[in-house]
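Trainee:
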Amino acid sequence: MARRTKEEAAKTRARILASALSLFAKRGYDRTTFNDIAARLKLTKGAVYWHFESKQALLVALLDEMLAKFRRQIIELLPNGESFDGLSFPVVADMMVRNAVQIIGDAKGTAFFLLVHEQIKWADASMAQVRDDLIKNERFGPWAAFRTAVRNDVRCGRVRAGVDAVQVASVCMAMWDGLVHTRIAHFLQCDLEDTLRKSYEAVWNSIKVAGD
């Protein structure tokens, strides 16, 4: 009985997260309430509060879910037994290209992208803690993967000494965000995968050791 109750609670939590993601993406984070989320699932507001103490806690859970998926994808690309110290720029770039293609082909992935980029007022003081956690990449997201990869490449002699890993990571993520967003909005006039690969190839050629 206890196991069944635990499984049911996990399923309800997953349903709440899915409902929240859909409503946040459509209505906006600020305009969505726990009542809206509960009504969509035919639950009470108290049932939602039982799983999440606040709307911000629910948002953090959504972010953690997506970042955990990203970490699993990154780990699958690493040789057996290697830590993130085994990351290299080409590996992360390839992962991000494939991730972009997956996002535009998956309704949930697209909804999450739009939520993060269009439906949250990150500049508001109420979002300061969540924003700071993401900027610092305490959960090891894509930006941190690029930064770690470049630092690894510098240490191993694949990238020129003195290359700013933070700057490269920021440029790579700006390119990724911009191209994916443009593709979702149907404004990209060329193939997303090919354009991203060529963009990252240009970055790699600008930082790698000559002849590598």
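Each residue of the sequence shown is one higher than the one before, counting from -6 in this note's numbering. Yeah, the Cβ is synthetic: ideal placement off N, Cα and C, and Gly gets one too.
When the distance is taken between beta carbons, is Phe82 closer than 7 Å to Ala142?
Mentor: Along the sequence shown, one-based indexing puts residue 142 at 149. Along the sequence shown, one-based indexing puts residue 82 at 89. Against a cut-off of 7 Å, the Cβ pair of Phe82 and Ala142 comes out as a contact.
Trainee: CA-CA distance, Gly150 and Ile200?
Mentor: Start at 1 with the first residue of the sequence shown, and residue 150 comes out as number 157. Start at 1 with the first residue of the sequence shown, and residue 200 comes out as number 207. Taking the straight line from one Cα to the other gives about 11 Å.
Trainee: Excluding the 5 residues preceding and the 5 following Arg140 in the sequence, name in chain order all residues of the same chain whose CB lies nearer than 7 Å to its CB.
Mentor: Counting from one through the sequence shown, the residue named residue 140 turns up at place 147. The residues Ala158, Val159, Ala162, in chain order, have a CB closer than 7 Å to that of Arg140 in the same chain once the five nearest residues on each side in sequence are set aside.
Trainee: In whole angstroms, what is the alpha-carbon distance linking Lys114 and Leu10?
Mentor: Counted from its first residue, the sequence shown places residue 114 at position 121. Counted from its first residue, the sequence shown places residue 10 at position 17. Roughly 20 Å separates the two Cα atoms.
Trainee: Is the distance from the Cβ of Lys169 to the Cβ of Met89 below 7 Å?
Mentor: Position 176 of the sequence shown holds residue 169. Position 96 of the sequence shown holds residue 89. In the sequence on display, residue 169 carries Trp and not Lys. Their beta carbons are under 7 Å apart, which means Trp169 touches Met89 by this criterion.
Trainee: Cα separation between Asp146 and Gln49?
Mentor: Here residue 146 is taken as the residue at index 153 of the sequence shown, counted from 1. Here residue 49 is taken as the residue at index 56 of the sequence shown, counted from 1. Looking at the two C-alpha atoms, the distance is approximately 37 Å.
Trainee: Verify whether the separation of the beta carbon atoms of Phe17 and Leu80 is less than 7 Å.
Mentor: Your numbering for residue 17 matches position 24 in the sequence shown. Your numbering for residue 80 matches position 87 in the sequence shown. Inclusion of Phe17 and Leu80 in the CB contact set at 7 Å is not warranted, their separation being larger than that value.
Trainee: Going by Cα to Cα distance, which pick from Arg124, Ile96, Met120 is closest to Glu186?
Mentor: Taking the first residue of the sequence shown as position 1, residue 186 is located at position 193. Checking every option, the nearest Cα to that of Glu186 belongs to Ile96.
Trainee: When we look at the beta-carbon of Lys176 and count the other beta-carbons within 10 Å, is it buried (16 or more) or exposed?
Mentor: The count along the sequence shown starts at 1 and reaches residue 176 at position 183. According to the sequence shown, residue 176 is Arg rather than Lys. So Arg176 ends up on the buried side.
Trainee: Could you tell me the distance, in whole angstroms, from the CA atom of Glu1 to the CA atom of Ala13?
Mentor: Residue mapping note: residue 1 aligns to position 8 of the sequence shown, counting from 1. Residue mapping note: residue 13 aligns to position 20 of the sequence shown, counting from 1. Cα to Cα, Glu1 sits roughly 18 Å from Ala13.
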